[in-house]
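A.B. asks:
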Amino acid sequence: MNIPVEVEWYRVKWFGMIFHLDTLFYSWLALLVILILALFARRSIREIPGRLGCLFEHIYAYFSDLAASMIHKDPQRYVPFIMTIFLFVLICNWMGLIPTFIPPTRDYNTTLALALISFFAFNFYGIRRAMEDSKASGKGVWGGFVKWISHFVEPVPDIWRSLEGPMRYLLTPFLLVLFIILNIMEELMRVLSLSVRLMGNILGEHLVLGVLLYLALFITQVWLRPMNWATSTFVCLLGALTGFIQAFVFAVLSLSYISGAVEGH
Amino acid sequence: MGAAMAFLAAGLAIGMGALGAALGQGKAISGAAEAIGRNPEAGGFIRTTLIIGLAFIESLCLYAFVISIMLWSKGG
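Chains as they are written, first to last, in this note's numbering: chain Y, 676 to 940; chain W, 164 to 239.
As structure tokens, then:
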């Protein structure tokens with residue numbers, strides 16, 4: 676997507692591909708920040724944890740409780756994945772609050788990659804759960820896979836059972852095709868909505884902040900500058916809240932998609 | 164002329180999208196506030212549900228935002 680306010684000179688063309696060097700740099704910086712935080716938090720995990728350890732324990736406990744309330748079977752398995760996504764998105768979002776820094780989640784490529792990771796993760800967890808369940812009930816591994824595949828025709832068996840007479844044979848083939856297409860589209864729309872939501876929020880907030888800061892520094896009516904400073908401070912505070920909420924929403928939606936995939940339909 | 168129409172369409176797209184999303188979010192928040200007022204013990208669960216619901220409503224506004232940015236880059 677060609678956005679007019681993008682800084683073009685960070686874009687490098689190598690081997691026929693366009694690399695967004697700013698996004699790459701700041702995502703690696705976010706990873707570095709998380710790594711340092713994690714190392715410090717690891718040091719402070721004791722019987723009575725230190726400040727950072729306490730913070731991480733709180734976040735982990737929150738997501739662990741949330742997973743336990745949404746998934747009945749073995750919820751702790753999915754918590755590390757959710758928390759990884761949450762921490763990465765949170766640090767990336769908050770990077771936009773530092774002047775001259777660029778939040779990597781403002782780029783559609785980052786958010787699309789995150790949404791695709793989430794998409795493959797919940798499909799993988801769903802297949803694995805179905806396979807393990809059918810293996811435990813003695814139907815073999817592939818019975819579970821067939822059961823997982825059959826959720827794409829989901830409401831059709833119920834309709835088949837509720838219909839009588841010739842309408843059953845006339846209507847069902849059309850409904851079958853329609854619902855398979857709808858179910859596949861629903862899965863793809865999840866990727867689209869997850870990625871566009873995060874990108875739109877962070878890009879919009881970053882644009883507003885940039886415009887306000889530009890006005891605060893360079894507007895020709897000098898008496899208007901303090902007002903713009905005040906407004907941009909307010910938008911900055913709002914941005915801290917938005918960044919947190921969007922990271923939380925991304926993680927919770929991934930969790931609810933996982934719960935929908937592993938709980939059966 | 165085409166560029167001017169693209170800018171106009173970009174403004175209209177985000178404006179009307181934001182209007183609809185604002186009305187929907189206001190309704191959702193008023194319902195959640197009423198529910199928390201009646202049953203404060205369920206506050207945590209209602210708040211989580213509210214935030215997820217708001218995110219779904221907001222994503223519709225953000226589709227409009229993306230469209231308006233595409234139109235903007237076409238005009239400028």
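Ideal Cβ placement from N, Cα and C applies to all residues, glycine included.
(1) Sorted by chain position, which residues of the same chain lie with C-beta nearer than 8 Å to serine 739(Y)'s C-beta, five sequence neighbours on each side aside?
(2) On a CA-only basis, which of Ile855(Y), Val924(Y), Pro901(Y) and Gln896(Y) is nearest valine 871(Y)? Give me that one, please.
(3) Contact between the region 797–807 of chain Y and the region 877–887 of chain Y: three or more CB pairs below 8 Å?
(4) DSSP three-state call for methionine 179(W): helix, strand or coil?
(5) Who pairs with methionine 626(Y) in a beta bridge, going by DSSP?
(6) Closer than 7 Å by beta-carbon distance: list the chain W residues that pair up with glycine 875(Y), in chain order.
(7) By the 10 Å Cβ neighbour count, where 16 or more other Cβ atoms means buried, how is tryptophan 823(Y) classified, buried or exposed?
(8) Using a C-beta to C-beta distance shorter than 7 Å, which residues of chain Y count as neighbours of glutamate 204(W)?
(9) Compute the Euclidean distance between the alpha carbons of tryptophan 160(W) and proline 779(Y), then round it to the nearest angstrom.
(10) Counting only Cβ-Cβ distances shorter than 9 Å, please list the residues of the region 915–928 of chain Y near chain W, keeping chain order.
(11) Let me know if glycine 875(Y) comes out buried or exposed under the rule of 16 or more other beta-carbons within 10 Å of its beta-carbon.
(12) If contact means a Cβ-Cβ distance below 8 Å, which residues of the region 792–807 of chain Y contact chain W?
(13) The alpha helix (DSSP H) that contains aspartate 833(Y), what's its start and end?
(14) Between the Cα of aspartate 833(Y) and the Cα atoms of Leu714(Y), Val687(Y), Ala742(Y) and Phe854(Y), which residue gives the shortest distance?
(15) Between Thr895(Y), Phe799(Y) and Glu880(Y), which lies nearest to glycine 918(Y) when the distance is taken from Cα to Cα?
(16) Would a check of beta-carbon distances place isoleucine 214(W) closer than 8 Å to chain Y?
(17) Taking C-beta pairs closer than 7 Å, name the residues in chain W that arginine 872(Y) reaches, listed in chain order.
C.D. replies: According to the data block:
(1) As a working note, residue 739(Y) is residue 64 in the first sequence. Non-local C-beta neighbours of serine 739(Y) in its own chain, meaning closer than 8 Å and more than five positions away in sequence, comprise Pro750, Gln751 and Val754, ordered along the chain.
(2) By one-based count along the first sequence, residue 871(Y) stands at place 196. From the listed residues Ile855(Y), Val924(Y), Pro901(Y) and Gln896(Y), the smallest Cα separation to valine 871(Y) is found for Val924(Y).
(3) No contact exists between the region 797–807 of chain Y and the region 877–887 of chain Y.
(4) Taking the first residue of the second sequence as position 1, residue 179(W) is located at position 16. Methionine 179(W) falls in the helix class under three-state DSSP.
(5) Any property of residue 626(Y) remains undetermined from this structure, which presents chain Y solely from 676 to 940.
(6) What you label residue 875(Y) is simply residue 200 of the first sequence in a count that begins at 1. The answer, in chain order, is Leu225, Phe228 and Val229.
(7) Residue numbering aside, residue 823(Y) sits at position 148 when the first sequence is read from its first letter. In the assembly as shown, tryptophan 823(Y) is a buried residue. Its beta-carbon has 16 or more other beta-carbons within 10 Å.
(8) By one-based count along the second sequence, residue 204(W) stands at place 41. Simply none; closest approach about 15 Å.
(9) Lying outside 164 to 239, the shown extent of chain W, residue 160(W) is not represented and no answer is given.
(10) Along the region 915–928 of chain Y, the positions whose C-beta sits under 9 Å from a C-beta of chain W are Ile920, Gln921, Phe923, Val924, Phe925, Val927 and Leu928, read in chain order.
(11) By one-based count along the first sequence, residue 875(Y) stands at place 200. Glycine 875(Y) comes out buried.
(12) Contacts with chain W (Cβ-Cβ distance below 8 Å) from the region 792–807 of chain Y involve no residue at all.
(13) In the first sequence, residue 833(Y) corresponds to position 158, counting from 1. First-last of the alpha helix (DSSP H) with aspartate 833(Y): 831–837.
(14) Position 158 of the first sequence holds residue 833(Y). The shortest C-alpha separation from aspartate 833(Y) is found at Phe854(Y).
(15) Looking up residue 918(Y) in the first sequence gives position 243. Answer by Cα proximity: Glu880(Y).
(16) By one-based count along the second sequence, residue 214(W) stands at place 51. Among the CB atoms of chain Y, one or more fall inside 8 Å of the CB of isoleucine 214(W).
(17) On the first sequence, residue 872(Y) is found 197 positions in, with the first residue counted as 1. What arginine 872(Y) touches in chain W: Ala218, Glu221, Ser222 and Leu225.
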